[in-house]
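Data block below; observations after.
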Amino acid sequence: MGGLHQGHQSLLALADRARAARGGRVLLSVFVNPLQFGPAEDLDRYPRDLGADAQLAAAAGADALFAPSVAELYPGGPAELTRLLPPASLVEGLCGRSRPGHFAGVATVVARLLALVRPDVLWLGEKDWQQLVILRRLVADLGLPLVVRSGPTLRQADGLPLSSRNRYLSPQQQQQALALPRSLAAAAQQARQAQAGARDSQGSLSLASLIEAVRSGLLQAGLVVDYVEAVEPRSLRSVETLQTSPLLLAAAAYCGTTRLIDHVFLMRRPPIIAIDGPAGAGKSTVTKAFAARLGLIYLDTGAMYRAVTWLVAAAGVDPAAAGAVGGLLADLDLQLSTSAEGAQRVTINGQDVTEAIRSPEITSLVSVVAAHGCVREALTRQQQAMGARGGLVAEGRDIGTAVFPDAELKVFLTATVGERARRRALDLAQKGFAVPELAELAAQIAERDHLDSSRAVAPLIQAADAVELITDGLSIAAVIDQLELLFRERVPADAWPGPAPA
Ligand code: DC
């Protein structure tokens, strides 16, 4: 809507950086949309300074500015216009409650802008989180051929989130308005302390008391509270306890006649991403690259099952004999490490088995070894210990179901057997192994799928809350992009920024 500030500028900078990597152009639309203002709202005084907006847009790397008039955008007039109605569950709470019709107005104008501009990517700020959720849903529900990406909320040094409406505030009101970010930050701090403190005292801090603390912080500063609400960030459904993570704690308040909004995300720990799926779906390649992109630890649990299988083979133990295999686990010292160049090394009982565990012999035995309850128990325990502090992407077969059932994002990465056989053939050739016929490889893959999916303990199945990603015909880069989109819908930059851009 114009009234551009550094928050918009930072979003343009993100778009500009993405464009530098992938090509394309960046267009900025500026349109103060009458449809999204209520009768008593600030449509008339909303800041309009197209000259300043154009300067800022150009400086931030925009190629074009699209600033239609109301008559140009709605030639038939607003009264006769087809409107879009976001789902009730997304508009009944938060800002939707006190701004009836607002999000329908937003959805309608954005659909029209998208139809006129036809972008590949729509960039939106996380500051207006409810709007972002609603517009993502609009894109999904209408099947629009574009992706939605978001940028973090930019704040002044004192914590006040940048907003075009901040310019309505007098210097004294600016001070008063700080109660909004400060009360929310204090609540987040309290939640963190409660979670980091005694696990057994979890639950002693109630969400209701946090909400109450924010509310009273706002009141004390003389703000008039519109709402303080805790919701699940994607469904926007109300939550009652601090168990949900991430959890969105959002507030709106009036400072004089100016309505301000702000939010904070509460997270119990840095994020965990679970990538499960059958052999040869491309999990390793994309998981490794995705971990590097987001600055997360990469955990290849298949390598752990392979290392134990190598130990079983080296000891001359029957892989099917649970008791004998279990005997090897007593003093197991299994280590995964990553070099500065990102290469993974695997050692078991002091022996480097990085290459040896990739041999066709180990591959043919691993599913049998991995099916033993004692093996799964030992390795699951170690994996959970490695993930206790979060901040990792783990790939395997049972990550989202058995190892990290509370992962923020679960993906079931798969491909047809034929496609996986082709990939396996390439992989074997690259590693210098003999390459069997494709039909033979396909049969081996189908057999491993069967063994992994039919074992009694922690079989390979898609978690109920996992997103299925079928990678046939997708490039590696495209799969990683998809993962990033799925991740950022669940863990926005406001909740967990990730590494500073290079
Ligand atoms: O992903 P991979 O091919 O390196 O995995 C090797 C085998 O290990 C796989 O066939 C099944 C087993 N595995 C498992 O049972 N559970 C995991 N979390 C990871 C791998």
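For the sequence shown, the positions run 2 to 503 when this note's numbering is used.
The C-beta atom is built at its ideal place from N, Cα and C for all residues, glycine as well.
Can you name the start and end residues of the beta strand (DSSP E) that residue i belongs to?
| i | result |
| --- | --- |
| S151 | V148 to G152 |
| Q345 | Q345 to I349 |
| F413 | L410 to T415 |
| F266 | T259 to L267 |
| L28 | L28 to S30 |
| A430 | Element bounds for A430: not the beta strand (DSSP E) but the alpha helix (DSSP H), V418 to Q431. |
| A214 | A214 -> not in any beta strand (DSSP E); alpha helix (DSSP H) instead, spanning L208 to Q221. |
| V33 | Taken as a continuous stretch (DSSP letters only), V33 belongs to no beta strand (DSSP E), as it is neither H nor E. |
| A41 | From DSSP, A41 is part of no beta strand (DSSP E); its letter is neither H nor E. |
| D466 | Where D466 is concerned, there is no enclosing beta strand (DSSP E), given that its DSSP letter is neither H nor E. |
| I274 | I273 to D277 |
Throw me the rounded Cβ distance for the residue i and residue j pair, which I believe falls under 8 Å.
| i | j | result |
| --- | --- | --- |
| V31 | L66 | 6 Å |
| T348 | Q336 | 5 Å |
| A108 | I135 | 6 Å |
| W497 | P272 | 6 Å |
| T472 | L410 | Not confirmed; about 16 Å, so no contact. |
| V148 | L300 | In fact, because the Cβ distance is near 27 Å, the residues do not count as touching under 8 Å. |
| P234 | M268 | P234 to M268, Cβ: 10 Å. No contact. |
| G3 | P48 | 7 Å |
| G160 | P146 | The pair is not a contact, with the Cβ atoms about 38 Å apart (cut-off 8 Å). |
| N167 | V110 | Not really, about 23 Å apart at Cβ, beyond 8 Å. |
| S368 | L452 | 4 Å |
| L250 | H264 | 6 Å |
Go to residue i, then tell me how far its alpha helix (DSSP H) extends in each direction, as first and last residue.
| i | result |
| --- | --- |
| W497 | Element bounds for W497: n/a, residue is neither H nor E. |
| I135 | W130 to D142 |
| L57 | L51 to A60 |
| L484 | I477 to R491 |
| T381 | G374 to M387 |
| T339 | No alpha helix (DSSP H) holds T339; the beta strand (DSSP E) holding it covers L335 to T339. |
| A21 | Q7 to R23 |
| D450 | L439 to S455 |
| V287 | K284 to L295 |
| L366 | P361 to A371 |
| V318 | No alpha helix (DSSP H) contains V318, which DSSP labels as neither H nor E. |
Could you please give me the residues that DSSP links to residue i through a beta bridge?
| i | result |
| --- | --- |
| L300 | A395 |
| Q352 | I349 |
| S239 | V232 |
| L249 | V232 and F266 |
| Y255 | V225 and R260 |
| R156 | P162 |
Using 8 Å as the Cβ pair cut-off and three pairs as the minimum, do the region 158–178 and the region 256–263 touch? yes
Is it true that the region 92–106 meets the region 222–238, where meeting means three or more beta-carbon pairs spaced less than 8 Å apart? yes
Restricting to runs no shorter than 4 residues, where is the alpha helix (DSSP H) found entirely within the region 161–188? 172–178
Could you check whether the region 399–406 touches the region 421–432, counting it as contact only if at least three pairs of C-beta atoms, one from each stretch, sit closer than 8 Å? The answer is no - the region 421–432 does not touch the region 399–406, with fewer than three Cβ pairs under 8 Å.
Runs of beta strand (DSSP E) lying entirely within the region 63–125, each at least 3 residues, in chain order: 65–67
Are three or more beta carbon pairs between the region 439–447 and the region 384–397 nearer than 8 Å? No: fewer than three Cβ pairs fall under 8 Å.
Between the region 76–89 and the region 8–21, do at least 3 Cβ pairs fall closer than 8 Å? no
Give a yes or no on contact between the region 322–329 and the region 372–381, applying the rule of three or more CB pairs nearer than 8 Å. yes
Validate contact between the region 207–216 and the region 277–287 using beta carbons, cut 8 Å, 3 pairs: no
When the Cβ atoms of the region 463–483 are set against those of the region 285–305, are three or more pairs found closer than 8 Å? yes
For the region 430–440 and the region 483–491, state whether three or more C-beta atom pairs, one from each stretch, are separated by less than 8 Å. no
Would the region 38–53 count as touching the region 80–97 if we require 3 or more Cβ pairs under 8 Å? no
Using 8 Å as the threshold, is the region 55–71 in touch with the region 17–26, meaning 3 or more CB pairs across them? yes
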